[in-house]
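**Student:**
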Amino acid sequence: MQTEQDGEPLLGGLLVLDLSQGIAGPYCGMVLRQQGARVIKVEPPSGDWGRQMGRAREGNTAISIAYNAGKESVVLDTRQQEGRAALRRLAEKADIIIQNFRPGVAERMGAGYAELSKANPKLIYVSISGYGPEGPAKDLPALDTTMQAVSGLMYVNRDAAGQPRRIGLVLVDLTTGLYAAQSVGMALYRAALNGHGRHIQVSMLQTSAALQSYVVLDDAMFPGDESAIFNVPTGLFATRTGLLYLSMLNDAMFERLAGLLGFDDWLADASLRTSAGRMPRADEMNQRVRAVFATQTLEYWEALLADNDILFGRVGHPRDLCSNAQAQHMGLFSSLMQKGLGELPWAGVPGNGSFQPAPGDAPELGQHTEAVFTEFGLDLA
295 MQTEQDGEPL LGGLLVLDLS QGIAGPYCGM VLRQQGARVI KVEPPSGDWG RQMGRAREGN
355 TAISIAYNAG KESVVLDTRQ QEGRAALRRL AEKADIIIQN FRPGVAERMG AGYAELSKAN
415 PKLIYVSISG YGPEGPAKDL PALDTTMQAV SGLMYVNRDA AGQPRRIGLV LVDLTTGLYA
475 AQSVGMALYR AALNGHGRHI QVSMLQTSAA LQSYVVLDDA MFPGDESAIF NVPTGLFATR
535 TGLLYLSMLN DAMFERLAGL LGFDDWLADA SLRTSAGRMP RADEMNQRVR AVFATQTLEY
595 WEALLADNDI LFGRVGHPRD LCSNAQAQHM GLFSSLMQKG LGELPWAGVP GNGSFQPAPG
655 DAPELGQHTE AVFTEFGLDL A
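The opening position of the sequence shown corresponds to residue 295 in this note's numbering, with each subsequent residue numbered one higher.
1. Only counting the same chain, and skipping five residues up and downstream in sequence, which positions put a Cβ closer than 8 angstroms to that of ARG575?
2. For TYR483, count neighbouring Cβ atoms within 10 angstroms of its own Cβ and tell me buried if that reaches 16, exposed if not.
3. Which of the three DSSP states, helix, strand or coil, is assigned to ALA443?
4. So, for SER367: in the same chain, excluding its five sequence neighbours on each side, which residues have a beta-carbon less than 7 angstroms away from its beta-carbon?
5. How long is the line joining the alpha carbons of ALA363 and MET324, rounded to whole angstroms?
6. Give me the DSSP bridge partner(s) of VAL336.
7. For LEU370, I'd like the list of residues in its chain whose CB is within less than 7 angstroms of its CB, leaving aside the five on either flank, ordered along the chain.
8. Once you ignore the five residues that flank SER314 on each side, which residues in its own chain have a CB closer than 6 angstroms to its CB?
9. Three or more C-beta pairs closer than 8 angstroms, one from the region 487-505 and one from the region 327-334: is that the case here?
10. Quick one: what does DSSP say PHE587 is sitting in, helix, strand or coil?
11. What's the C-alpha gap between GLY348 and TRP640?
12. For MET295, count neighbouring Cβ atoms within 10 angstroms of its own Cβ and tell me buried if that reaches 16, exposed if not.
13. Figure out for me which residue from ARG383, GLU386, LEU434 and ARG373 has the closest Cα to the Cα of ARG396.
14. Does DSSP classify THR355 as helix, strand or coil?
15. CA-CA distance, ALA400 and LEU311?
16. Determine the contact status of LEU538 and PHE606, defining contact as a CB-CB distance below 9 angstroms.
17. For VAL420, list the residues DSSP reports as bridge partners.
18. Which residues does DSSP pair with TYR539 in a beta bridge?
19. Nearest to ASP519 by alpha carbon, out of ASN488, GLU302, MET573 and LEU499?
20. If we cut at 9 angstroms on Cβ distances, does ALA363 have a partner in chain C?
21. So, at 8 angstroms on beta carbons, what are the nonlocal neighbours of HIS692 in its own chain, with the 5 sequence-adjacent residues on each side left out?
22. Just to confirm my understanding: we take ARG452, look at its own chain, exclude 5 residues before and 5 after, and list those with CB closer than 8 angstroms. What are they?
23. Starting from the Cα of ILE523, find the closest Cα among LEU465, ALA546, PRO612 and SER569 and give me that residue.
24. Return the first residue and the last residue of the alpha helix (DSSP H) that SER629 is part of.
25. Please report the straight-line C-alpha distance between LEU742 and VAL643, rounded to a whole angstrom.
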């Protein structure tokens, strides 16, 4: 049930200075902006390198729009004394700062936490890095793809032949941004209690480890066994008209499936009554289900599986989500009007209740420099 307070922005009135580039940092800033904060994106004269990632139309990429919509863009050349001075003036007014320079770069710019918190003791300062602020790998460059390789995520996503594969989404970047935004929320709570800010440090390597906590545990508990099977029958199955993914949540669900498919021999076999008993026969059992599923349409199996409370999902394209009946009922997508591109679909962040701010378009490089300088009494020269 929603209350009147659900319509209030969670972070309304807060000012975020987003110095980050790419994906992880900008995504953290975008989450905070979607929760009601004002976000000023500070870019070098050449712009955030994320503006050049991927295919471009009218000077925009999907990445630059998705993770910067609604922000204000200000250009500062922090290689110059004037740029560094302007940055410090803005930092004095900020509640939150996000940066993802390599360790030591922000400090050399005079924009490290120790320096900026002197004039702003309640400042919450987020440092996002690839490998953390110290250690033998701290200066190495990092991207989502290389971090997937280093951390083992590509191996976890290996194909049937055992070949490591990249996960087709910037999972490490996005999750790092989410962990950072979550930590900001905790730091805001602490600051409200004691009046002190916090230096939050989040690395992509740490995120990769956290994402794989159960994988690492499973490997330690069962050394040498890489079967990676949770339950049977489970997997991707082709019907006459499309693909679905079937998953057995528990033994009771398996019994319902066996009865539904008429596999009385499975129900009579005591060795198949537990997940542990079924796993050694995974290939055989999946093949039998595959043969039956291929005889009917996707719609037929969807109705039957849903009626019998068996876990499944129709395999679709991301664009299908926009027209998904449940997604439409929940209002998951709104519209973003981007200059030169017109109306685009936009998915807001979860947890805002009835408050879903208009996404706003992604800014052009330096679009708000003059207005922000005037507002904060900075010299444009």
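Quick reminder that beta carbons are idealized off the backbone N, C-alpha and C, glycines included.
**Tutor:** Taking the coordinates as given:
1. Translated into positions along the sequence shown, residue 575 becomes position 281. A distance below 8 angstroms between beta-carbons, with the five flanking residues on each side excluded, links ARG575 to the following residues of its chain, in chain order: VAL526 and LEU566.
2. Within the sequence shown, the letter at position 189 stands for residue 483. Answer is exposed; the Cβ neighbour count stays below 16.
3. Translated into positions along the sequence shown, residue 443 becomes position 149. Three-state result, ALA443: helix.
4. Here residue 367 refers to the residue found at position 73 when the sequence shown is read from its first residue. These residues qualify, in order along the chain: LYS335, GLU337, PRO657, GLU658, LEU659, GLY660, GLN661 and HIS662.
5. What you label residue 363 is simply residue 69 of the sequence shown in a count that begins at 1. What you label residue 324 is simply residue 30 of the sequence shown in a count that begins at 1. The alpha-carbon atoms of ALA363 and MET324 are separated by roughly 7 angstroms.
6. Along the sequence shown, read from residue 1 onward, the residue named residue 336 stands at position 42. According to DSSP, residue pairing for VAL336 in a beta bridge involves VAL368.
7. Looking up residue 370 in the sequence shown gives position 76. Cβ neighbours of LEU370 beyond the five flanking positions: VAL336, GLY377, ALA380 and LEU381.
8. On the sequence shown, position 20 is the one that residue 314 refers to. If we look at SER314 and ignore the five residues flanking it on each side, its Cβ neighbours are PRO320, ILE392, GLN393 and ASN394.
9. No: the two stretches stay apart, fewer than three of their Cβ pairs being nearer than 8 angstroms.
10. Reading the sequence shown from its first residue, position 293 is the one you call residue 587. In the three-state scheme derived from DSSP, where H, G and I count as helix and E and B as strand, PHE587 is classed as helix.
11. Your numbering for residue 348 matches position 54 in the sequence shown. Your numbering for residue 640 matches position 346 in the sequence shown. Our two residues, GLY348 and TRP640, have alpha carbons roughly 18 angstroms apart in a direct line.
12. Taking the first residue of the sequence shown as 1, we reach residue 295 at position 1. Unreliable positioning characterises MET295 in this predicted model, as indicated by a pLDDT of 44, which lies under 50. A coordinate reading is not provided.
13. Residue mapping note: residue 396 aligns to position 102 of the sequence shown, counting from 1. It is LEU434 whose Cα lies nearest to the Cα of ARG396.
14. Here residue 355 refers to the residue found at position 61 when the sequence shown is read from its first residue. DSSP places THR355 in strand when its eight states are reduced to three.
15. On the sequence shown, position 106 is the one that residue 400 refers to. On the sequence shown, position 17 is the one that residue 311 refers to. When rounded, the distance between both Cα atoms is 14 angstroms.
16. Against the sequence shown, residue 538 aligns to sequence position 244. Against the sequence shown, residue 606 aligns to sequence position 312. A Cβ-Cβ contact shorter than 9 angstroms links LEU538 with PHE606.
17. For this step, residue 420 is matched to residue 126 along the sequence shown. Looking at the DSSP assignment, VAL420 forms a beta bridge with ILE392 and ILE494.
18. Indexing the sequence shown from 1 puts residue 539 at position 245. TYR539 pairs with LEU530 and GLY607.
19. The residue labelled residue 519 in the question sits at position 225 within the sequence shown. The shortest C-alpha separation from ASP519 is found at MET573.
20. In the displayed structure, chain C is absent; only one protein chain is listed.
21. No information on residue 692 is available, as it lies outside the stretch 295 to 675 that the chain covers here.
22. For the purposes of this step, residue 452 is identified with residue 158 of the sequence shown, where counting begins at 1. Same-chain partners within the cutoff: PRO458 and ARG459.
23. On the sequence shown, residue 523 is found 229 positions in, with the first residue counted as 1. Answer by Cα proximity: SER569.
24. Within the sequence shown, the letter at position 335 stands for residue 629. From DSSP, SER629 is part of no alpha helix (DSSP H) but of the beta strand (DSSP E) over 627-632.
25. With the chain covering 295 to 675 only, the question about residue 742 has no answer from this structure.
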